[in-house]
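S.K.: First the structure, which I've put down as structure tokens, then a few questions once you've had a look.
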Amino acid sequence: MQHIVMFSAGAGSWAAAKVVAKRFGLKDLRLLFTDTLMEDPDAYRFLIEGAANVFGLDLADKMNVPSHTEFPDFRDRSKWRLYLHELRAQVSVHMPQLIWLKDGRDVWDVFFDERFLGNSRRDPCSKILKRREADRWLTKNCDPHNTICYVGIDFTEAHRFDDGSGGGLGPRRALEGWRYEAPLCSEPWMAKWDIMELMQGENIAPPRLYSLGFSHNNCFGFCIKAGHAHYRLLLQTLPDVYSYHEQKEQEIRAYLKKDVSILADRRNGNRKRPLTLRAFRERFEKDGNNATGDSDYGGCGCFTDQSVLTE
851 MQHIVMFSAG
861 AGSWAAAKVV
871 AKRFGLKDLR
881 LLFTDTLMED
891 PDAYRFLIEG
901 AANVFGLDLA
911 DKMNVPSHTE
921 FPDFRDRSKW
931 RLYLHELRAQ
941 VSVHMPQLIW
951 LKDGRDVWDV
961 FFDERFLGNS
971 RRDPCSKILK
981 RREADRWLTK
991 NCDPHNTICY
1001 VGIDFTEAHR
1011 FDDGSGGGLG
1021 PRRALEGWRY
1031 EAPLCSEPWM
1041 AKWDIMELMQ
1051 GENIAPPRLY
1061 SLGFSHNNCF
1071 GFCIKAGHAH
1081 YRLLLQTLPD
1091 VYSYHEQKEQ
1101 EIRAYLKKDV
1111 SILADRRNGN
1121 RKRPLTLRAF
1131 RERFEKDGNN
1141 ATGDSDYGGC
1151 GCFTDQSVLT
1161 E
């Protein structure tokens, strides 16, 4: 039986991989990472260190696992992609059990190619860069009758995996012929705080986005499924990242010649209207926290194909 963990460089998928490794061993275990080419530099550090920990490997004498300060400026996309290409090549040599997939495009490339700006209801970025890439690899390399796939959803969000009424990732994938499991939705019942303690016990530094207040470790703090509170946090903690996405949103608005935006404004009668990242920032700079409206954080639901609230 093959055991494939959807390894996102987040705490949940790492803990799920640890549980699967303990239950079934390492021989038939693979970690599947789908790269948006737009992750936080420290997410790549954790990806490598976390996977090495799962497989009991010491990479110290084999390769340099870069800290986030060693990465080039993410806004220089050519240099950034080359750096990741070389890092991925090193990892594939020293840790082939980590399957590092990439489409070759990043989130904004997909939005421009699809002529559609993703939002909380439709996510072409996740669909193309994550779910489609993972499915292609699974179809090519695995027999669904001899494969179990695992995700890092924990018991506090068990409804994302199975809502009890036929909805959720597990039932949906079962209809497509694949067996998916969420090991953190049953014993040993680990939530995020338990996983952080486990990381400390394993001498692994948690991904830095968590320490900044983010609920997930995907896409450098950017997510088209996120809400106002999330983008306020991004603006306050990673202003260069926010500025980059603000500019890209302006570019795609000009390219599409449409009044589209990632965020929505529901003030004044709760009627939904576009709210650009630029307008959101300007409103925040003028009026502070009271100006940013909704308190929802939203969150990453790339493999569940749905928006996730994590207040």
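The opening residue of the sequence shown carries number 851 in my numbering; numbering runs sequentially from there.
Glycine residues also receive a C-beta, built at the ideal position from the N, C-alpha and C atoms.
#1: Please report how far the alpha carbon of residue 1003 lies from the alpha carbon of residue 1082, in whole angstroms.
#2: Give the DSSP bridge partners of residue 1031, in chain order.
#3: Relative to the C-alpha of residue 1076, which candidate in 862, 897, 968, 887 has its C-alpha closest?
#4: Please state the DSSP three-state secondary structure of residue 1107.
#5: For residue 1124, name the three-state secondary structure that DSSP assigns.
#6: Could you tell me the alpha carbon to alpha carbon distance between residue 930 and residue 1124, rounded to whole angstroms?
#7: Who are the Cβ neighbours of residue 1029 in its own chain at under 6 Å, not counting the five residues just before and after it?
#8: With C-beta atoms as the reference, is residue 944 less than 8 Å away from residue 979?
#9: Might you give, ordered along the chain, the residues of its own chain that have their beta carbon closer than 6 Å to the beta carbon of residue 958, omitting 5 neighbours on each side?
#10: Could you check what DSSP says for residue 1064 in three-state terms: helix, strand or coil?
#11: With H, G and I counted as helix, E and B as strand and the rest as coil, what does DSSP make of residue 1008?
#12: In whole angstroms, what separates the C-alpha of residue 1046 from that of residue 1088?
#13: Using the C-alpha atoms, what's the distance from residue 911 back to residue 971?
#14: What's the C-alpha gap between residue 914 and residue 1014?
#15: Measure from the C-beta of residue 854 to each C-beta in chain C and report whether the shortest distance is under 8 Å.
#16: According to the neighbour-count rule (16 or more other Cβ atoms, all chains shown, within 10 Å of its Cβ), is residue 1039 buried or exposed?
#17: Just list the beta strand (DSSP E) runs in the region 925-998, keeping only unbroken ones of 3 residues or longer that don't cross its boundaries, in chain order.
#18: So residue 879 is in the beta strand (DSSP E); what residue range does that whole segment cover?
M.R.: Let me spell this out:
#1: Within the sequence shown, numbered from 1, the residue matching residue 1003 stands at position 153. Within the sequence shown, numbered from 1, the residue matching residue 1082 stands at position 232. Straight-line Cα distance between these residues: approximately 25 Å.
#2: Working through the sequence shown from its first residue, we reach residue 1031 at position 181. Residue 1031 pairs with 1000.
#3: Here residue 1076 corresponds to residue number 226 of the sequence shown, with the count starting at 1. Selected option, being the one with the closest Cα: 968.
#4: The count along the sequence shown starts at 1 and reaches residue 1107 at position 257. Coil.
#5: Against the sequence shown, residue 1124 aligns to sequence position 274. In this structure, residue 1124 counts as strand in the three-state DSSP scheme.
#6: Position 80 of the sequence shown holds residue 930. Position 274 of the sequence shown holds residue 1124. About 31 Å.
#7: In the sequence shown, counting from the first residue as 1, residue 1029 sits at position 179. Excluding positions up to five away in sequence, the list reads 998.
#8: Mapped onto the sequence shown, residue 944 falls at position 94. Mapped onto the sequence shown, residue 979 falls at position 129. Cβ atoms of residue 944 and residue 979: not closer than 8 Å.
#9: Translated into the one-based positions of the sequence shown, residue 958 becomes position 108. Closer than 6 Å at the Cβ level, and outside the excluded window around residue 958, lie 1098.
#10: Counted from its first residue, the sequence shown places residue 1064 at position 214. Residue 1064 falls in the coil class under three-state DSSP.
#11: The residue given as residue 1008 occupies position 158 in the sequence shown. Residue 1008 falls in the helix class under three-state DSSP.
#12: Locating residue 1046 in the sequence shown gives position 196, where the first residue counts as 1. Locating residue 1088 in the sequence shown gives position 238, where the first residue counts as 1. Their backbone Cα atoms lie some 22 Å apart in a straight line.
#13: Here residue 971 refers to the residue found at position 121 of the sequence shown. Here residue 911 refers to the residue found at position 61 of the sequence shown. Computed Cα separation, rounded: 46 Å.
#14: Within the sequence shown, the letter at position 64 stands for residue 914. Within the sequence shown, the letter at position 164 stands for residue 1014. Going by the C-alpha atoms only, they are around 45 Å apart.
#15: Of the chains in the structure shown, none is chain C; there is only one protein chain.
#16: Within the sequence shown, numbered from 1, the residue matching residue 1039 stands at position 189. Exposed is the call here.
#17: 948-952
#18: Stepping through the sequence shown from its first residue, residue 879 is reached at position 29. Run containing residue 879: 879-885, per the beta strand (DSSP E) assignment.
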